[in-house]
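*Asks:* Please find one structure pasted underneath; my questions will follow.
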Amino acid sequence: MDKTEVLVELEASDPGAKTFKQLAISLREKLNNIPTEIESFQAFLAFVGVTREQYILAIRSVLTRPKVMQKRLPKDVYVNPFSKKIIELFKANMDIQYILDPFACSQYIVNYINKGDRHMSRLLRAVVEEAEHGNKNVQESLRSISNMFLNAS
Numbered sequence: 001m002d003k004t005e006v007l008v009e010l011e012a013s014d015p016g017a018k019t020f021k022q023l024a025i026s027l028r029e030k031l032n033n034i035p036t037e038i039e040s041f042q043a044f045l046a047f048v049g050v051t052r053e054q055y056i057l058a059i060r061s062v063l064t065r066p067k068v069m070q071k072r073l074p075k076d077v078y079v080n081p082f083s084k085k086i087i088e089l090f091k092a093n094m095d096i097q098y099i100l101d102p103f104a105c106s107q108y109i110v111n112y113i114n115k116g117d118r119h120m121s122r123l124l125r126a127v128v129e130e131a132e133h134g135n136k137n138v139q140e141s142l143r144s145i146s147n148m149f150l151n152a153s
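Residue 1 is where the sequence shown starts when you use the UniProt record's numbering, and the numbers rise one by one after that.
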């Protein structure tokens, strides 16, 4: 993209929606095989043979919700959004995303927080199964359960 902008999904009733969806599939394939000498967005558009407007409509045809499309060089298309200041401060990997849908943001946070609980639930089921069907006395079962929890964290 030659500039950062918010794109919204193309209406399914739009007369050119199917055509632009096919164009989007074609553009994805070409983007995966882009020559290294293509260094600008305009050069990329010339390489794939579309105008900027056609490119934007193709992207919009495959969106399911509004999305921020960041200014990128073709070689950087698969680089996650990042902040130079945050990289300098934390020296860590990041994937920054603009929040356009507060509900989706809260859903993401809840799922992220509960991700660890899913693992613990599986572990608890395995421990209960082991205790019920194992041929161990109470002390051995307790030791086995303790070791499972200690090694899980």
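For every residue, glycine included, the Cβ atom is placed at its ideal position computed from N, Cα and C.
For K3, which of F41, G16 and L23 has the nearest alpha-carbon?
*Replies:* Closest option to K3, Cα to Cα, is F41.
*Asks:* How many whole angstroms separate the CB atoms of L27 and A46, which I take to be in contact at a CB cut-off of 8 Å?
*Replies:* Wrong, their Cβ atoms sit about 13 Å apart, outside the cutoff.
*Asks:* Kindly indicate which residue of V6, I87 and N32 has the alpha-carbon position closest to the one of K71.
*Replies:* Of the candidates V6, I87 and N32, the one whose C-alpha sits nearest the C-alpha of K71 is V6.
*Asks:* Decide if S61 is buried, meaning its Cβ has at least 16 other Cβ atoms within 10 Å, or exposed.
*Replies:* By the neighbour-count rule (16 or more Cβ atoms within 10 Å), S61 is buried.
*Asks:* Considering E53, what are the terminal residues of the alpha helix (DSSP H) in which it resides?
*Replies:* Run containing E53: R52 to V62, per the alpha helix (DSSP H) assignment.
*Asks:* Would you grab the beta carbon distance between K136 and S144 for me? Rounded to a whole angstrom, and I think it's under 8 Å.
*Replies:* Yes, they are in contact, since the Cβ atoms of K136 and S144 sit about 7 Å apart, within 8 Å.
*Asks:* Would you call F90 buried or exposed, if buried means 16 or more other Cβ atoms sit within 10 Å of its Cβ?
*Replies:* Classification for F90: exposed.
*Asks:* Can you tell me which of the three DSSP states V6 falls into?
*Replies:* Reduced to three states, the DSSP call for V6 is strand.
*Asks:* Go through its chain and collect everything with a Cβ distance to I87's Cβ below 8 Å, but skip five positions before and after it.
*Replies:* Counting only Cβ-Cβ distances below 8 Å, and skipping sequence neighbours, we find M94.
*Asks:* Quick one, are the C-beta atoms of E129 and L63 less than 7 Å apart?
*Replies:* The answer is no: Cβ separation not under 7 Å.
*Asks:* Expressed to the nearest angstrom, what Euclidean distance is found between the alpha-carbon atoms of T19 and I56?
*Replies:* Rounded to whole angstroms, T19 to I56 spans 13 Å at the Cα level.
*Asks:* If the criterion is Cβ atoms closer than 7 Å, does the pair I99 and C105 meet it?
*Replies:* Against a cut-off of 7 Å, the Cβ pair of C105 and I99 comes out as a contact.
*Asks:* Under a CB-based cut-off of 7 Å, is D95 close to chain C?
*Replies:* Although the question refers to chain C, the structure presented lacks it and comprises just one protein chain.
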